[in-house]
Amino acid sequence: FAPLQTNVGYLMNRNSIPAFAGRFASTLNYSTLFVTGQYFLPGELGVASATVSPTFGDFKRLALDFLAQWNIRTGMNLSLQYSYFNNQGFANDDFWSLKYRLEY
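In my numbering, the protein residues as written are 1229 to 1332.
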């Protein structure tokens, strides 16, 4: 078991929007590349991960996501996540989330 794992993905969207209520038909085509790295802390203490996701085409943005998760005990964890979206042509967005999960 390797403590560092990586993943690369590619998503292609081809959309045809039909004419409706007197509006013209249009298309919305874009692609997103996902690159993720996860590092598993020793002793199943938790996970740290980061994802970079640029989007190209009719819709353009760059999404960054960072996550730190701590396993408090079996079935109980706490995670802190930060996400940032650089939206070309629109306002940028970012948010933090803190989650406590109990599984039984």
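The beta-carbon is built from N, C-alpha and C at its ideal position, and this holds for glycine as well.
Please name the residue or residues paired with A1291 in a DSSP beta bridge.
S1281 and F1313
Measure the C-alpha to C-alpha separation of S1307 and T1279 and round it to an integer number of angstroms.
16 Å
Roughly how many angstroms lie between the CA atoms of A1230 and Q1309, to the nearest whole one?
23 Å
Buried or exposed, going by whether 16 or more other CB atoms sit within 10 Å of the CB of T1234?
Using a 10 angstroms sphere on the CB of T1234, the tally of other CB atoms stays under 16, which defines it as exposed.
According to DSSP, is G1271 part of a helix, a strand, or is it coil?
helix
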